[in-house]
Amino acid sequence: METSGKTLLINYWAEWCKPCREEIPELNAIAAEHDDILVLGVNYDALPAEEIAAQAEKLGIEFPVLADDPATLWQRPRPQVLPSTFVIGPDNRWKATLVGPQTAASLVSALGLDSGTE
Numbered sequence: 001m002e003t004s005g006k007t008l009l010i011n012y013w014a015e016w017c018k019p020c021r022e023e024i025p026e027l028n029a030i031a032a033e034h035d036d037i038l039v040l041g042v043n044y045d046a047l048p049a050e051e052i053a054a055q056a057e058k059l060g061i062e063f064p065v066l067a068d069d070p071a072t073l074w075q076r077p078r079p080q081v082l083p084s085t086f087v088i089g090p091d092n093r094w095k096a097t098l099v100g101p102q103t104a105a106s107l108v109s110a111l112g113l114d115s116g117t118e
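Counting from 1, one number per residue, gives the positions in the sequence shown under UniProt numbering.
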């Protein structure tokens, strides 16, 4: 998976988290519409890979879901609130943590993008 030069949105989710489930279509849309953004999911419950894959399919997650929590790569604590989304810039530096459910519009705004597709 090539990440260089891309903004990363690392989204923490859980099956039992209603706001997490509600924002999945928004994250799918961002992933599909912006080639310069890579959306990655992290299951908050740290389930085995097979269970994560099954839940991701059931919930309609179309972006890659990581088996391991990458928070330590940026010296960040694991989020305490779901959903949470880390924003990592194209320079591979942590930029922000977005707490609470996001919409495609709020993500575009937080990233300083125009609302058109690229």
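In this text, a Cβ means the ideal position worked out from N, Cα and C, and glycines have one as well.
| Asked | Found |
| --- | --- |
| Within 7 Å, strictly: CB atoms of A105 and I30 | no |
| Neighbourhood of V81 by C-beta, 6 Å cutoff - its chain only, sequence neighbours within 5 removed | V99 |
| Same chain, Cβ closer than 8 Å to E118, neighbours up to 5 away in sequence not counted | Bear in mind that the predicted position of E118 carries a pLDDT of just 41, short of 50, making it too unreliable to give a figure here. |
| Whole runs of the alpha helix (DSSP H) within the UniProt domain "Thioredoxin" (1–116), excluding any shorter than 4 residues | 18–33, 49–59 and 104–111 |
| S109 to Q102 span [Cα, whole Å] | 11 Å |
| A56 burial status per 10 Å Cβ neighbour count (16 or more: buried) | buried |
| CB-CB length for K6 against P90, believed under 8 Å | 6 Å |
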